[in-house]
Amino acid sequence: MKKIHYDSLIYFNIITIFPEIFDALIRYGIIGKAIQKKIINITFLNLRDFSQNKYKSIDDRPYGGGAGMLMSFEPLYLAIQYAKSLFKYSTVIYLSPQGKIFQQKDIKKLITKKKIIFICGRYEGIDQRIIDDQVDEEWSIGDYILSGGELAAMVMIDAISRLIPGVIKTQKSIQEDSFSNNLLDFPHYTRPGTIKEMSVPNVLLSGNHQKIRLWRLQQSLGQTWIKRPDLLKDKILSKEEKKLLYDFKKKNKKKYV
Ligand code: 21W
């Protein structure tokens with residue numbers, strides 16, 4: 001095997017009370033491989049190690065009262081300072097339901113950052129003064145309630161890492177990924193050719209690559225129109241794409257209109 005050197009190394013530093021949760025991300029699959037290959041680097045700071053009291057507590061009561069706890073100010077502040085000293089010129093990201101919703105198009109900008117510190121909140125969140133004074137960007141992964149920021153950090157790290165050269169084998173599979181062209185994927189088929197009287201579309205067996213390309217593009221446009229019409233609203237279609245979608249709609253009129 002040829003060894004290739006990538007200098008596009010990106011450093012993710014994660015501040016969390018549950019570093020073990022990240023085993024799911026760092027031990028398996030594409031991200032696990034990328035860490036082994038040293039294309040990406042992930043380190044953890046366990047917030048409990050920064051607790052100054054004898055109980056090692058990392059939660060505290062909110063001023064103003066009410067249900068639920070907050071993360072203690074001091075350990076979190078100390079952890080951030082330590083992370084910043086280890087990884088100079090880092091971007092500090094706080095994962096929270098109040099953040100901007102993370103989308104594929106946001107990765108372009110995030111990938112230019114060489115060092116990112118993720119703060120994973122637990123309980124009801126963190127002191128606002130840390131957000132105001134220490135956090136550069138606040139991100140959410142969607143409108144649903146999670147138990148903390150760890151899953152969100154894993155989602156962002158996974159999505160960002162996939163676009164780093166060398167993490168995924170071929171640039172082609174990145175290009176062909178759903179969302180890179182703002183369309184849903186086309187249907188895929190593998191062996192057997194026929195099962196329970198369901199057969200693979202003939203065009204895929206034709207060997208005619210131009211025809212196959214057009215069929216797949218038409219399916220992508222059609223499936224997007226059926227399942228995610230919101231994605232088509234912002235998309236400018238070429239003449240060819242307009243025709244393909246028009247024909248798809250005509251063929252599927254009875255089924256969907
Ligand atoms: C969820 C903490 C809800 C606090 C209104 C006023 C990080 C997350 C998280 C969490 C609340 C992300 C309330 C999508 C997420 C995260 C923990 C607030 C009561 N509501 N992206 N008070 N969803 N969530 N709960 O939950 O840390 S990124």
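Under the UniProt record's numbering, the residue at position 203 of the sequence shown is numbered 203, and the numbers go up by one with no gaps. Don't be surprised by glycine CBs; every beta carbon is placed ideally from N, CA and C. Computed from a predicted model, the values in this text were never measured in an experiment.
Touch check for the region 218 to 225 and the region 159 to 168: three-plus C-beta pairs under 8 Å? no
Where are the alpha helix (DSSP H) runs, 4 residues long or more, that stay fully inside the region 16 to 84, in chain order? Taking only runs of at least 4 residues, the alpha helix (DSSP H) segments lying wholly in the region 16 to 84 are 23 to 26, 29 to 36.
Take Asn13 and list the residues in its own chain whose beta-carbon comes closer than 6 Å to its own, dropping the five residues that flank it on each side. Here residue 13 refers to the residue found at position 13 of the sequence shown. Result list for Asn13: Thr43, Ala83, Phe87, Ile117, in chain order.
In whole angstroms, what separates the C-alpha of Ser238 from that of Phe102? As a working mapping, residue 238 is identified with position 238 in the sequence shown. As a working mapping, residue 102 is identified with position 102 in the sequence shown. Each residue's alpha carbon lies about 28 Å from the other.
Thr194: buried (16+ other C-beta within 10 angstroms of its C-beta) or exposed? Working through the sequence shown from its first residue, we reach residue 194 at position 194. Answer is exposed; the Cβ neighbour count stays below 16.
Selection from Asp143, Met154, Thr112, Tyr144 that minimises the alpha carbon distance to Ile119: By 1-based counting over the sequence shown, the position of residue 119 is 119. Minimum Cα distance to Ile119 is reached at Met154.
Selection from Pro192, Trp215, Glu197 that minimises the alpha carbon distance to Gly203: Walking along the sequence shown from the start, residue 203 turns up at place 203. A quick correction: the sequence has Val, not Gly, at residue 203. Comparing Cα-Cα distances from Val203 to each of Pro192, Trp215, Glu197, the minimum goes to Trp215.
I need the straight-line Cα distance from Lys37 to Leu163, nearest angstrom please. What you label residue 37 is simply residue 37 of the sequence shown in a count that begins at 1. What you label residue 163 is simply residue 163 of the sequence shown in a count that begins at 1. Lys37 and Leu163 have their C-alpha atoms roughly 15 Å apart.
Got a sec? Which residues, its chain only, sit under 6 Å from Asn182 by beta carbon, not counting five neighbours each side? Translated into positions along the sequence shown, residue 182 becomes position 182. Closer than 6 Å at Cβ, skipping near neighbours: Leu231, Lys235.
My assumption, with CB atoms under 8 Å, is that Trp139 sits in contact with Ile93. Please give the rounded CB distance. Indexing the sequence shown from 1 puts residue 139 at position 139. Indexing the sequence shown from 1 puts residue 93 at position 93. Cβ-Cβ separation between Trp139 and Ile93: approximately 6 Å, consistent with a contact (criterion under 8 Å).
The ligand 21W and Glu124: does any heavy atom of the ligand fall closer than 7 Å to the residue's C-beta? The sequence position of residue 124 within the sequence shown is 124, counting from 1. Yes, the beta carbon of Glu124 sits closer than 7 Å to at least one heavy atom of the ligand 21W.
When the Cα atoms are used, what is the spatial distance from Lys242 to Val200? Counting from one through the sequence shown, the residue named residue 242 turns up at place 242. Counting from one through the sequence shown, the residue named residue 200 turns up at place 200. For Lys242 and Val200, the distance between alpha carbons rounds to 25 Å.
Going by other Cβ atoms of all chains shown within 10 Å of its Cβ, with 16 needed for buried, is Asn252 buried or exposed? Working through the sequence shown from its first residue, we reach residue 252 at position 252. Exposed, since its Cβ has fewer than 16 Cβ neighbours within 10 Å.
Beta carbon of Leu70: closer than 7 Å to some heavy atom of the ligand 21W? Counted from its first residue, the sequence shown places residue 70 at position 70. Every heavy atom of the ligand 21W is 7 Å or more from the Cβ of Leu70, so no.
Mark Ala79 as exposed unless 16 or more other C-beta atoms lie within 10 angstroms of its C-beta, in which case mark it buried. As a first step, residue 79 is located in the sequence shown; it is residue number 79 there, counting from the start. Burial call: buried.
Per DSSP, cross-strand counterpart(s) of Ser199: Here residue 199 refers to the residue found at position 199 of the sequence shown. Paired residue(s): Thr194.
Would you give the residue range spanned by the beta strand (DSSP E) that Gly222 belongs to? As a first step, residue 222 must be located in the sequence shown, where it is residue number 222. Boundaries around Gly222 are those of the alpha helix (DSSP H), 209 to 227, since no beta strand (DSSP E) includes it.
Check each candidate in Asp132, Asp127, Leu110, Gly99 and name the one with the smallest Cα separation from Asp59. Position 59 of the sequence shown, counted from the first residue, corresponds to residue 59. The residue with the shortest Cα to Cα distance from Asp59 is Asp127.
Simplified DSSP assignment, three categories, for Phe118: Indexing the sequence shown from 1 puts residue 118 at position 118. Residue state, collapsed to three classes: strand.
DSSP three-state call for Leu9: helix, strand or coil? Start at 1 with the first residue of the sequence shown, and residue 9 comes out as number 9. Note: Leu9 maps to coil in three-state DSSP.
Can you look up Glu137 in the DSSP assignment and give me helix, strand or coil? For the purposes of this step, residue 137 is taken as the residue at position 137 of the sequence shown. It is a strand residue.
Inter-residue spacing [alpha-carbon to alpha-carbon] between Ile17 and Glu197: Residue 17 sits at position 17 when you count from the first residue of the sequence shown. Residue 197 sits at position 197 when you count from the first residue of the sequence shown. Cα to Cα, Ile17 sits roughly 53 Å from Glu197.
From the DSSP secondary-structure annotation, give me the bridge partner or partners of Pro165. By one-based count along the sequence shown, residue 165 stands at place 165. BP columns for Pro165 point to Ile168.
Backbone secondary structure at Leu231 - three-state DSSP: Here residue 231 corresponds to residue number 231 of the sequence shown, with the count starting at 1. In the structure shown, Leu231 sits in a helix (DSSP, three-state: H, G or I).
I'd like the span of the alpha helix (DSSP H) that includes Leu244, first residue to last. As a working note, residue 244 is residue 244 in the sequence shown. Looking at the DSSP string, the run of the alpha helix (DSSP H) that includes Leu244 is 239 to 251.
Taking only the alpha-carbon atoms, compute the straight-line gap between residue 288 and Glu137 and give it to the nearest angstrom. This structure cannot settle anything about residue 288, because the visible part of the chain is limited to 1 through 257.
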